[in-house]
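Read left to right, the sequence shown gives residues 26 to 324 (our numbering). The next block holds one structure in the form of structure tokens; read it before the comments.
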Amino acid sequence: MAVLVFSPGYSAPLPGHVFRPDKFRLAFDVLIREKSVTAADVAAPAKISKKDLLSVHTPAWTRKCLSGRFTAADSAAAEMKITKAVIRSHLLHAGGTVKAVQLALDGGLGINCGGGSHHARADRGAGFCLVNDLALAALKARKEAGVKKVMIVDLDVHQGDGTAAVFRGDRSVFTFSMHQADIYPEKKEKSSLDVPLPRGTGGAAYLRALRRTLPKAMDRFKPGLVIYLAGADVCRGDLLGGLALSPADLRRRETFVAGLCRDRNIPLAVTLGGGYRKAAAGAARLHAGSIKTVLKAYK
Ligand SMILES: [Zn+2]
């Protein structure tokens, strides 16, 4: 049964941008080359309908996403030029997270080799994010698969402000965000549980903070599904983040999160999110490492 979701369309180019969408294709290439996955393990993203978009986004933003007609102000808010190719790609990423959730609900684990657009708001894009795939997939699982409670575990180095805003006051979705306190977004939202960390936090302190907070939150909330944002921008040397995890720390983190879900029989859907290195191949290696670690935890 398939476990990994990918499309070559994930990598619409953004020339000169710090966000290098080619990292998704490069990460996928690493997994195939190293035989961590075979063609039989790979599924294509689900198709995103207007109804899916409207479950999270306003009619005006949904219209823009479907027509591809954005203003200069829309691009400025998202901090990237939103071309038709870019929005097509972001819709594919969202479909990938929906598909990963379906795979998780069917077989325990689903991994999107992309996704994680946690800054996207109901009515606008922000921070390189246009469609909040995490929120969209969580709501679809609730409405169409009868999942009563969803936990979104966001370990990207940036706070999951868009997701927190979407689910403010919604007790059926628990938003957990552990992030660096002194970087984007400047104005933080209130997640169900925020764990802010100081600049320079290393692997040992990071993993301690995670062990202290996440299992307790999970056991109290008892989700029927976990959607995990495995941001790699927590690693030392990231162009946008200021934490100091090593690649081995990142793998320890993935082993821990995957183990929590596996031991509790909670379906786990993984998305990739941030990871900004000078060479896209560097970010791709970190993402591929995260995916390989989660796959191993489920073997
Ligand atoms: Zn990030």
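C-beta: ideal position from N, C-alpha, C; glycine also.
Residue range of the beta strand (DSSP E) that residue i falls in?
i	result
Pro272	Per DSSP, Pro272 belongs to no beta strand (DSSP E); it is in the alpha helix (DSSP H), 272-288.
Met243	Premise fails: Met243 lies in the alpha helix (DSSP H), 228-246, not in any beta strand (DSSP E).
Phe199	198-205
Ile291	Premise fails: Ile291 is in no beta strand (DSSP E) and is neither H nor E.
Leu297	Here Leu297 belongs to no beta strand (DSSP E), and DSSP marks it neither H nor E.
Asp219	218-222
Asp179	175-179
Leu250	250-254
With residue i as the anchor, note down where its alpha helix (DSSP H) starts and where it stops.
i	result
Leu117	109-132
Lys317	305-322
If we count the other Cβ atoms within 10 Å of its Cβ and call it buried at 16 or more, is residue i buried or exposed?
i	result
Met243	buried
Leu264	exposed
His42	exposed
Ala257	buried
Ala125	buried
Asp54	exposed
Ala283	buried
Glu214	buried
Pro40	exposed
Ser114	buried
Thr96	exposed
Arg196	exposed
Thr318	buried
Thr63	exposed
Ser74	exposed
Arg278	buried
Measure the alpha-carbon distance for residue i versus residue j and round it to whole angstroms.
i	j	result
Asp356	Leu320	Summary: the structure shown does not reach residue 356, with the chain confined to residues 26 through 324, and so no result is reported for it.
Val30	Cys260	24 angstroms
Lys165	Lys76	10 angstroms
Arg236	Ala313	23 angstroms
Thr87	Phe153	17 angstroms
Tyr231	Phe201	15 angstroms
Gly93	Ala229	44 angstroms
Leu250	Met203	19 angstroms
Gly132	Leu56	20 angstroms
Val198	Leu293	15 angstroms
Cys90	Ala151	14 angstroms
Ala37	Ala309	15 angstroms
Tyr323	Leu134	8 angstroms
Pro272	Phe192	32 angstroms
Ala27	Pro70	12 angstroms
Ala129	Asp148	29 angstroms
Arg289	Lys212	34 angstroms
Ile315	Tyr35	Checking the displayed sequence, the identity of residue 315 turns out to be Ser instead of Ile. Looking at the two C-alpha atoms, the distance is approximately 18 angstroms.
Lys303	Pro46	13 angstroms
Phe44	Leu155	13 angstroms
Glu169	Ser80	12 angstroms
Ala68	Pro33	12 angstroms
Arg276	Leu270	10 angstroms
Lys247	Lys174	8 angstroms
Leu51	Ala110	19 angstroms
Ile107	Ala98	10 angstroms
Leu161	Met105	22 angstroms
Lys60	Gly194	44 angstroms
Ala101	Thr83	19 angstroms
Ala85	Ala163	22 angstroms
Ala119	Ser216	21 angstroms
Thr280	Asp274	10 angstroms
Val220	Arg233	12 angstroms
Spatial neighbours of residue i within its chain, please: C-beta separation below 8 angstroms, excluding the five flanking residues on both sides.
i	result
Leu159	Thr122, Gly140, Gly141, Ser142, His143, Ile177, Asp179, Gly185, Thr188, Ile252, Leu254, Thr296
His183	His143, His144, Gly152, His204, Gln205, Ile208, Tyr209, Pro210, Gly256, Asp258, Leu265, Gly266, Gly299
Among residues of its own chain, excluding the 5 on either side of residue i, which ones have a beta-carbon nearer than 7 angstroms to its beta-carbon?
i	result
Arg146	Gly187, Ala190
Arg224	Gln205, Asp207, Gly267
Lys48	Gly300, Ala305, Ala308, Ala309, His312
Ile112	Cys90, Gly93, Leu155
Leu285	Leu239, Pro240, Met243
Leu117	Ser32, Gly34, Tyr35, Pro70
Arg287	Ala322, Tyr323
Ordered along the chain, which non-local residues of its own chain (more than five positions away) have a Cβ less than 6 angstroms from that of residue i?
i	result
Asn137	Val30, Gly121, Thr122, Ala125, Thr296
Val172	Ala166, Gly249, Leu250
Under 7 angstroms: does the beta carbon of residue i sit that close to some heavy atom of ligand 3?
i	result
Val295	For ligand 3, the structure offers nothing, since it holds only ligand 1.
- prompt: What runs of the alpha helix (DSSP H), each 4 residues or longer, lie entirely inside the stretch 35-107?
  reply: Fully enclosed alpha helix (DSSP H) runs of 4 or longer: 47-58, 75-81, 84-92, 97-103.
field: Runs of alpha helix (DSSP H) wholly within the stretch 136-192 (minimum 4 residues, chain order)
entry: Within the stretch 136-192, the complete alpha helix (DSSP H) runs of at least 4 residues fall at 158-169, 186-191.
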